[in-house]
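Asks: Chains R, L, C and X, in that order, are what the protein sequence lines are. Residues in the first sequence are numbered consecutively from 1, following the numbering used here. Residues in the second sequence are numbered consecutively from 1, following the numbering used here. Residues in the third sequence are numbered consecutively from 1, following the numbering used here. Residues in the fourth sequence are numbered consecutively from 1, following the numbering used here.
4 protein chains.
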Amino acid sequence: MFAKRTDLALEARELWQEGAGRTGRLPGVKAGRQRLEGYGVTRVDILDRRGEEALGKPKGTYFHIDLASFFQRRPDFFERAVRAVGTELRALLPAEGPALVVGLGNPAMTPDAVGPLAAESVLVTRHLLRSMPRQFSGFRSVAVMRTGVLGTTGVESAEAVAGLVQRVEPAMVIAVDALAARRRERLCSAVQLSDTGICPGSGVGNRRWALDREALGVPVIAVGVPTVVDAATLAADLLEESGQAVEEDALLRGHRGLTVTTQDIDARVRDLARVVGYGINWALQDLDIEEITALLS
Amino acid sequence: MFAKRTDLALEARELWQEGAGRTGRLPGVKAGRQRLEGYGVTRVDILDRRGEEALGKPKGTYFHIDLASFFQRRPDFFERAVRAVGTELRALLPAEGPALVVGLGNPAMTPDAVGPLAAESVLVTRHLLRSMPRQFSGFRSVAVMRTGVLGTTGVESAEAVAGLVQRVEPAMVIAVDALAARRRERLCSAVQLSDTGICPGSGVGNRRWALDREALGVPVIAVGVPTVVDAATLAADLLEESGQAVEEDALLRGHRGLTVTTQDIDARVRDLARVVGYGINWALQDLDIEEITALLS
Amino acid sequence: MFAKRTDLALEARELWQEGAGRTGRLPGVKAGRQRLEGYGVTRVDILDRRGEEALGKPKGTYFHIDLASFFQRRPDFFERAVRAVGTELRALLPAEGPALVVGLGNPAMTPDAVGPLAAESVLVTRHLLRSMPRQFSGFRSVAVMRTGVLGTTGVESAEAVAGLVQRVEPAMVIAVDALAARRRERLCSAVQLSDTGICPGSGVGNRRWALDREALGVPVIAVGVPTVVDAATLAADLLEESGQAVEEDALLRGHRGLTVTTQDIDARVRDLARVVGYGINWALQDLDIEEITALLS
Amino acid sequence: MFAKRTDLALEARELWQEGAGRTGRLPGVKAGRQRLEGYGVTRVDILDRRGEEALGKPKGTYFHIDLASFFQRRPDFFERAVRAVGTELRALLPAEGPALVVGLGNPAMTPDAVGPLAAESVLVTRHLLRSMPRQFSGFRSVAVMRTGVLGTTGVESAEAVAGLVQRVEPAMVIAVDALAARRRERLCSAVQLSDTGICPGSGVGNRRWALDREALGVPVIAVGVPTVVDAATLAADLLEESGQAVEEDALLRGHRGLTVTTQDIDARVRDLARVVGYGINWALQDLDIEEITALLS
Chain R
1 MFAKRTDLAL
11 EARELWQEGA
21 GRTGRLPGVK
31 AGRQRLEGYG
41 VTRVDILDRR
51 GEEALGKPKG
61 TYFHIDLASF
71 FQRRPDFFER
81 AVRAVGTELR
91 ALLPAEGPAL
101 VVGLGNPAMT
111 PDAVGPLAAE
121 SVLVTRHLLR
131 SMPRQFSGFR
141 SVAVMRTGVL
151 GTTGVESAEA
161 VAGLVQRVEP
171 AMVIAVDALA
181 ARRRERLCSA
191 VQLSDTGICP
201 GSGVGNRRWA
211 LDREALGVPV
221 IAVGVPTVVD
231 AATLAADLLE
241 ESGQAVEEDA
251 LLRGHRGLTV
261 TTQDIDARVR
271 DLARVVGYGI
281 NWALQDLDIE
291 EITALLS
Chain L
1 MFAKRTDLAL
11 EARELWQEGA
21 GRTGRLPGVK
31 AGRQRLEGYG
41 VTRVDILDRR
51 GEEALGKPKG
61 TYFHIDLASF
71 FQRRPDFFER
81 AVRAVGTELR
91 ALLPAEGPAL
101 VVGLGNPAMT
111 PDAVGPLAAE
121 SVLVTRHLLR
131 SMPRQFSGFR
141 SVAVMRTGVL
151 GTTGVESAEA
161 VAGLVQRVEP
171 AMVIAVDALA
181 ARRRERLCSA
191 VQLSDTGICP
201 GSGVGNRRWA
211 LDREALGVPV
221 IAVGVPTVVD
231 AATLAADLLE
241 ESGQAVEEDA
251 LLRGHRGLTV
261 TTQDIDARVR
271 DLARVVGYGI
281 NWALQDLDIE
291 EITALLS
Chain C
1 MFAKRTDLAL
11 EARELWQEGA
21 GRTGRLPGVK
31 AGRQRLEGYG
41 VTRVDILDRR
51 GEEALGKPKG
61 TYFHIDLASF
71 FQRRPDFFER
81 AVRAVGTELR
91 ALLPAEGPAL
101 VVGLGNPAMT
111 PDAVGPLAAE
121 SVLVTRHLLR
131 SMPRQFSGFR
141 SVAVMRTGVL
151 GTTGVESAEA
161 VAGLVQRVEP
171 AMVIAVDALA
181 ARRRERLCSA
191 VQLSDTGICP
201 GSGVGNRRWA
211 LDREALGVPV
221 IAVGVPTVVD
231 AATLAADLLE
241 ESGQAVEEDA
251 LLRGHRGLTV
261 TTQDIDARVR
271 DLARVVGYGI
281 NWALQDLDIE
291 EITALLS
Chain X
1 MFAKRTDLAL
11 EARELWQEGA
21 GRTGRLPGVK
31 AGRQRLEGYG
41 VTRVDILDRR
51 GEEALGKPKG
61 TYFHIDLASF
71 FQRRPDFFER
81 AVRAVGTELR
91 ALLPAEGPAL
101 VVGLGNPAMT
111 PDAVGPLAAE
121 SVLVTRHLLR
131 SMPRQFSGFR
141 SVAVMRTGVL
151 GTTGVESAEA
161 VAGLVQRVEP
171 AMVIAVDALA
181 ARRRERLCSA
191 VQLSDTGICP
201 GSGVGNRRWA
211 LDREALGVPV
221 IAVGVPTVVD
231 AATLAADLLE
241 ESGQAVEEDA
251 LLRGHRGLTV
261 TTQDIDARVR
271 DLARVVGYGI
281 NWALQDLDIE
291 EITALLS
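#1: Name the DSSP beta bridge partners of Met-172 of chain C, please?
#2: Whole angstroms is fine: what's the gap from Leu-8 of chain C's alpha carbon to Ala-180 of chain C's?
#3: From the DSSP secondary-structure annotation, give me the bridge partner or partners of Arg-35 of chain X.
#4: Could you spell out where the alpha helix (DSSP H) holding Asp-7 of chain R opens and where it closes?
#5: Given that Gly-154 of chain R touches chain L, what residues does it touch there, using C-beta distances under 8 Å?
#6: List the residues that DSSP assigns as beta-bridge partners of Gly-60 of chain R.
#7: Can you tell me whether Arg-74 of chain L is buried or exposed? The criterion is at least 16 other CB atoms within 10 Å of its CB, across all chains shown.
#8: Taking DSSP as the reference, what is the three-state secondary structure of Val-276 of chain R?
#9: Measuring CA to CA, which of X:Arg-186, X:Ala-245, X:Ser-121 and X:Gly-217 is closest to Val-165 of chain X?
#10: In angstroms with no decimal places, state the Cα-to-Cα distance between Ala-171 of chain L and Gln-135 of chain L.
#11: Could you check what DSSP says for Gly-224 of chain R in three-state terms: helix, strand or coil?
#12: State yes or no: is the beta carbon of Thr-110 of chain X nearer than 8 Å to at least one beta carbon in chain C?
#13: What is the rounded straight-line gap between the Cα of Gly-154 of chain L and the Cα of Gly-103 of chain C?
#14: Would you mind telling me which residues of chain C sit closer than 8 Å to Gly-257 of chain X, beta carbon to beta carbon, in chain order?
#15: Let me check understanding here. Comparing Cα to Cα, which of C:Gln-285, C:Leu-123, C:Arg-186 and C:Gly-86 lies closest to Leu-296 of chain C?
#16: By the 10 Å Cβ neighbour count, where 16 or more other Cβ atoms means buried, how is Ser-131 of chain C classified, buried or exposed?
#17: Cβ closer than 9 Å: which chain R residues qualify as neighbours of Leu-239 of chain L?
#18: Whose Cβ in chain A lies nearer than 9 Å to the Cβ of Arg-184 of chain L?
#19: By alpha-carbon positions, which one of C:Glu-185, C:Phe-63 and C:Ser-189 ends up nearest to Ala-222 of chain C?
#20: What does His-341 of chain C reach in chain L if we use C-beta pairs closer than 7 Å?
#21: Please report whether the beta-carbon of Arg-146 of chain X lies at a distance below 8 Å from any beta-carbon of chain R.
#22: Measure from the C-beta of Gly-205 of chain X to each C-beta in chain R and report whether the shortest distance is under 8 Å.
#23: In angstroms with no decimal places, state the Cα-to-Cα distance between Ser-141 of chain X and Leu-211 of chain X.
#24: With 7 Å as the limit, tell me which residues of the segment 12-24 of chain X have their beta carbon closer than that to any beta carbon of chain R; keep them in chain order.
#25: Can you confirm whether Ala-235 of chain C, when its beta carbon is compared against all beta carbons of chain X, has any partner nearer than 8 Å?
#26: To the nearest angstrom, how far is the alpha carbon of Glu-96 of chain R from that of Phe-139 of chain R?
#27: Determine whether the Cβ of Leu-164 of chain X lies closer than 8 Å to any Cβ atom of chain R.
#28: Output the boundary residues of the alpha helix (DSSP H) element that contains Thr-87 of chain L.
#29: Tell me, please, whether the CB atom of Asn-281 of chain R is closer than 8 Å to any CB atom in chain L?
#30: Look at Val-276 of chain R and Val-191 of chain R and say whether their C-beta atoms are less than 8 Å apart.
#31: Would Thr-227 of chain L pass as a contact of Thr-196 of chain L if the rule is Cβ separation under 8 Å?
#32: Could you give the residue range of the beta strand (DSSP E) that holds Ala-118 of chain C?
#33: Quick one: using the 10 Å Cβ neighbour count with 16 as the cut-off for buried, is Glu-248 of chain C buried or exposed?
#34: Check whether the segment 66-84 of chain C touches the segment 102-117 of chain C, taking contact to mean three or more Cβ pairs, one atom from each stretch, closer than 8 Å.
#35: Closest Cβ-Cβ distance between Arg-74 of chain R and chain X: below 8 Å?
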């Protein structure tokens, strides 16, 4: 059968529930909802091997913050989003120690630019703490890395990050990346946080280029924003909705390398990358949003 | 009925032919094929009002240069593509007089960046001819304009171009833009040239912001590269292929503002923009490709 | 004698005063100082032909806002700078009517990027007022133009602006540009406002490419930030200070095309461009600084 | 005494020779000239401790390729420059083994952008050799790193490079950087190659952030282009030429952080960065210049 693609744990759970005859409880997975700062947050915990296999994602905690209402720009929408992301991020991060923030993806391709754009809003303090430790004693040490694109570096992101981790010796890595959603309604409308790191490809299989605790030796918190839908997945959903049996080969053949995205992605990716960058500062440093703005200017 | 979207005359003709009971000849339209420099070229002439209505595009000549084989990078693929584009462009352009090349679109959004990227490869000579007329007497006067994005200028492209045309008084405008294809196989795989100018929106209806001879007072040659497929059009085709009746409302509602594009669009758009820029130089100036490269460096 | 270069009226006046035997009053020029929002402001009025000849600048009012203390980042330094620039700008601008803001200069060259960078912080409203006049009735209509670089357009900035002015029909043009200072202490440390427009080259001579009321038919307010010192001017000052007679030819020969700038120019130009952009919004729209930030995000 | 600043071994030697009473031979230094591909090449060998102290640069071989005539654009000026740089680079490089090319500097600041710009013209092959070893067997493995700017990463370039070297295990590092010249005539008019690596600051003193064999464990070949003159050095030369005694304090106080550069630096840096990038390809891969162009497109 054709496997619909999603990087969101929330959607992986929905896909499982849609499966034929799956009326019971999903074994090895726990989920719950709450509201935070006016936004809906769904928490999915993958508890064991059964959960990993059912959802195709590694064991750990996933927060899905629904920011669909962000773009209605109601009062304090930005500050509330930053606090919502920051609060859940703080729940996943070690309480102290230096951090390395990694912006993954290609800054020249809007749907892939979330990581490098978010990195622009992160307060970089490591060099200041080294040269003026007394003056900056109130700050957490933060370094930032942009991994670039394989075709222009020849180096896998995971290799490059591992190299820098050995030198910088952070207590945690925060890796920001663009994700694929299954549902087009979720494009540029959510942030997913997890303590599982990033495993390129299918999740639990390909370990070679993983960016996770096992590979890097420190906790890796992943922060992702869904910016594309795989075209074959969109097509499969469309055909199913209209009562069609889906032929896997035709789907994959006809949509290889195609992705679906929104036309206003440029502004939305920029906005959400700023929410993520500010949220990271909010979680790591003891600063409110106006202070962050003043320090970034 | 749901109107599938395409900016390509070739595809508009295909859509007409697919129409129920349309077995006969398409009235008011003439078409023919040839090979040029190893690439297939289809010429579509819309001859009169009947042709305009059938294809939803203004009267004129359209060349569709199929560059699908470009990315196999066979010997001289770049030079041959430049000559193919340049040859057909020369067929549409006035034989002499100064030219204004307009790069339409947003340089920060890859699928929309064909125009500004092509502009980077165009030899700009107008200022040189004014300051050193004797030394540059062998060149055609060429000025270049990048129109920017409505949201950051407040000015429609057509207004801005009309303003500059009044000052620069070119004998022709060459307007480069990104297009929407209906078929995903045509993404970043073709160049369309036409002598009709550009009419944003539905083609023959909305004249307000047209970039054409009527609006600008000089011939306007449009050069376009298909870089996106409208997601609703993709969905409609998919459902039809699987024997479904297509409900227009559902399609439009569910896919508003979504577009489909290829993952490797960054490199492909860059390559084809260079083909277009070089093709314009080839058509306007009496230079071969090595000479163009030397002058651009 | 070697003519030291400055685009600042304040410095032109200083140069006159340094002239041999010039102990008396400068005829045709009036000057005065005040403090505004914690920053020093010098106003120079060139009243007539005698003043024009003495200072080599066209008749009009010049405000020089000294922002040297900006980079000490004392409380509210940014807001105060915006209000200082905005207040004096409002004194020079027509009270109402649509505005066209022009960002002159090359965005890829930091010392020349003030204009395009400031343009990024200007609220663009013209298109919104046209499509939703009722909703945006509280805003002044503002359009923005980036002129680009002669070598990549073939068109002089003044020609391009004149073309757009004919189409957009603003009641005023605000032209933002980088300036040359004589004194290195003034690099990236001041903003000059004037109601004279911009006259490239020596000021009162070369009228061909002027961006002023005579050329455009509407008031042209110039906003400039000094970002470079001409190297020959620096050398001449240095030799004079050390009691040397300055040989003009040697100076000009040895320093042609060289400019002096600060190493931290990147951050400073970005900061001052934002002050200028916000100051323009403050002067044109009835908004405070937080509202501007919210609208720009 | 005021120490004039230069990163060029050729100029350090000139400065020594200008020293009072230095009519004899410079101990511990050997120098010679030749012509290569129509350009002048000066080789300076610093042989021992005496030479290091006299010139303030580490022991090793320095090639200074004078490209002043490059911008006259005589026949084959680009190809000849690439071969000249490539030939001398090959003389300094290990004959085989994988290479890591490091582009140092800030891409957003033209005088500092030589490194990242050169990196854009380097053929990246490491990932291709890993995934398709048979097809790419004719190529040397090349990876590329752009180090970014301390203020936006928090990590010193030398730390970041050391981290990647541990992972990638190249047989050599080629580090491209912008340099300071003493003489303004040398701005954007030369390329310096050396087998000494890069030692930020004064050369033989500060070893902390060195990018050299001792720090990285592999040969480090430095490739530099002079793009700025230190303003205090320019001033000191100017005063000396006019017979003045130079007061160090005044010079340093008045010119701190100021640099001198050419107005046309944007185009020149772009051109020379391309020469460097192509020269690296020429030295590392068995390809002629047309083949490099085809592979880079």
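A virtual CB, placed ideally from N, CA and C, is assigned to each residue, including glycine. Every value quoted in this text rests on a predicted model; they were computed, and no experiment measured them.
Replies: Reading off the structure:
#1: C:Ala-99
#2: Their backbone Cα atoms lie some 8 Å apart in a straight line.
#3: X:Gly-40
#4: No alpha helix (DSSP H) holds Asp-7 of chain R; DSSP gives it neither H nor E.
#5: In chain order: nothing, as chain L lies at least about 16 Å away.
#6: R:Ile-46
#7: exposed
#8: Here Val-276 of chain R sits in helix by DSSP.
#9: Each of X:Arg-186, X:Ala-245, X:Ser-121 and X:Gly-217 was checked against the Cα of Val-165 of chain X, and the nearest Cα belongs to X:Gly-217.
#10: 22 Å
#11: strand
#12: Interface residue (Cβ-Cβ distance to chain C less than 8 Å): Thr-110 of chain X is classified as such.
#13: Inter-residue distance for Gly-154 of chain L and Gly-103 of chain C is about 14 Å (C-alpha atoms, whole angstroms).
#14: Thr-262, Gln-263 and Asp-264
#15: C:Leu-123
#16: exposed
#17: The contacting residues are Leu-238, Leu-239, Ser-242 and Gln-244.
#18: Reference to chain A is not applicable here, since the protein chains of this structure are R, L, C and X.
#19: C:Phe-63
#20: Here chain C has residues from 1 to 297 only, and residue 341 of chain C is not among them.
#21: yes
#22: In this prediction, Gly-205 of chain X scores a pLDDT of 42, lower than 50, which makes its location untrustworthy; the coordinate-derived value is nonetheless stated afterwards. By this cut-off, Gly-205 of chain X is not an interface position.
#23: 21 Å
#24: none
#25: Residue contact check for Ala-235 of chain C against chain X: a CB pair falls below 8 Å.
#26: 11 Å
#27: yes
#28: 77-92
#29: no
#30: yes
#31: no
#32: Not the beta strand (DSSP E): Ala-118 of chain C falls in the alpha helix (DSSP H), residues 114-120.
#33: exposed
#34: In this structure the segment 66-84 of chain C does not touch the segment 102-117 of chain C; the number of beta carbon pairs closer than 8 Å is below three.
#35: The beta carbon of Arg-74 of chain R does not come within 8 Å of any beta carbon belonging to chain X, so the residue lies off that interface.
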